[in-house]
Structure formats: C-alpha cells, structure tokens
Amino acid sequence: MKKLVLLLFLGASFMSQAQKVSTRSGFVKFFSDAPVEDITAENNQVSSILNLEDGSFAFLVPIKAFQFEKALMQEHFNENYMESGKYSSASFKGSIVDYAKIDLSKDAKYSLQFKGTMTIHGKSQEVNEKVTLIVKGGKVSVQAEFLLKCSDYGIEIPTAKKDNISNEISVTVKFEYA
C-alpha cells in the first residue's frame, strides 16, 4: 500500500512538472536614451518559468548580472541607482492574458498581453504590456518590449545626471523555454 501511495505521489508530481517549462538563460536588455549619452545593459542570467496549462509566468533578474559597455557605468548602476547590495534582484509574477486561445500543438505566433506585478528596487507596480508568444517545433518562447519609469520604482536620478540618464527606460525581455 505504501508503495502504491508513493508511486501515485511521484506520478502526480511528474505530471505537474511536465506542465511547466523554464529557463535559466533568459535575456533582459535595457536602454536609456538621454541627451548626453545612451546607456545599454544586457543580462543573460534571467530565470523564468511558464505554466503551460494556464499561462501564469514569472521571471527573476539578478541585478549584478547586467553587463555594460563601460565598467564605470556598471559600478554606478549597482552602487548608486539600483543599490544591488540591498536589492539583489528584480522580479515579475503574473500571467499571459487570453492564454486559453493558444494552441501549443502547432507552430504559430501570438500577439497577446501580459499582466502582473513587477518588483524593482523593492517597489512593486502593476504592469499590463504587449507580449509575443511563439510556438515552434514544440518549444515556446516569449518576447516583450515595454517602457518602465525609474521614478515608479523609487530609483532616484540626481538633478546633475538628468541629461545622462533618462527616467523612462526601454526594456526588452526574451525567454526560450525548454
């Protein structure tokens, strides 16, 4: 009897795991377009999970993993703006709207919305943005581009740096799930 219960438990856990796909090499890029200089940083160490049954998904962005063109930019980003010693990651938890319309059995590209809670610098904001979901060869990928405001997340830009760093940041995310 104990073996039967154990077998059922293991089977159920494997079935529930099979309904989720994940990645630990997701991509996030941000771009700040300011009068004095443009700032771009990329991060390829983003973890994400997507529930294939209901479209709920989440991602976690390690702040110190962003790579900049100049080492000094990276240092200022981590120490002065993001305070990565205190706020080591940014996160999103939410879902893809109208996920039920997706047919995972055939290759297709879907333009949808995602909504949920974005947490950056210890501050949470509700977001609702466009997302592209692609099904190809039995694999799922998600891509989105959206704007975030530093001020919405308590990230202060000193008056002396207003021409160097824009309050509005363009963000690109890409996840290829396995």
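Numbering (mature numbering (1 follows the signal peptide of the UniProt record, and there is no 0)), first residue to last: -18 to -1, 1 to 160.
Idealized CB from N, CA, C, for every residue including glycine.
Beta-carbon separation of residue i and residue j under 8 Å?
i: residue 123; j: residue 96; result: no
i: residue 132; j: residue 149; result: yes
i: residue 26; j: residue 14; result: no
i: residue 114; j: residue 92; result: yes
i: residue 64; j: residue 103; result: yes
i: residue 80; j: residue 94; result: yes
So what's residue i in DSSP terms, helix, strand or just coil?
i: residue 89; result: coil
i: residue -18; result: With a pLDDT of 44 at residue -18, under the threshold of 50, the predicted position of this residue should be treated as unreliable, and no value is reported.
i: residue 55; result: helix
i: residue 142; result: helix
Can you pull the DSSP bridge partners for residue i?
i: residue 172; result: Beyond the ends of the chain as shown, which are -18 and 160, falls residue 172; an answer cannot be given.
i: residue 8; result: 28
Among the candidates the options, whose CA atom is the shortest distance from the CA of residue i?
i: residue 3; options: 18, 40, 22; result: 40
i: residue 75; options: 51, 16, 42, 58; result: 42
i: residue 126; options: 56, 156, 141; result: 156
i: residue 68; options: 30, 140, 18, 105; result: 105
i: residue 98; options: 116, 52, 73; result: 73
i: residue 20; options: 137, 158, 143, 10; result: 143
i: residue 59; options: 139, 153, 152, 158; result: 139
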